[in-house]
Amino acid sequence: MPGKMSLRSVAVAQNRPAFFAGRLKKAMKGPGTNDKDLIRLLISRAEIDLGNIKDEYLKMFGTPLEKDVADDTSGDYRKLLLKLVGTTE
């Protein structure tokens, strides 16, 4: 795994918002949501650079992060995550 860690470090160093945008997309990709990763990523970046990550997410995937979070979640869980992302339903 050392090679994998090195590549991950390079990706983060080159474009941190793009790295985290990709991780968020991966957490919501396909059937089901990787809730653990989605929550961890949103909480850990909320007060640091989530605005930049949202911008990069839109550039990379063509949809706002808020829309993908809303489409992939429901109920109070959705409301909480959307507040972290900076929007409400």
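Be aware that the sequence shown starts at 77, since it is given in this note's numbering, and climbs by one per residue. By construction, the Cβ of each residue, glycine as well, lies at the ideal position given by its N, Cα and C atoms. The structure displayed is predicted, hence computed values, not measured ones.
{"Query": "For K102, the three-state DSSP class (helix, strand or coil)", "Result": "helix"}
{"Query": "Exposure of R121, with buried meaning 16 or more beta-carbon neighbours within 10 Å", "Result": "buried"}
{"Query": "Endpoints, the alpha helix (DSSP H) within which I129 is located", "Result": "L126 to F137"}
{"Query": "Extent of the continuous alpha helix (DSSP H) to which S120 belongs", "Result": "D111 to R121"}
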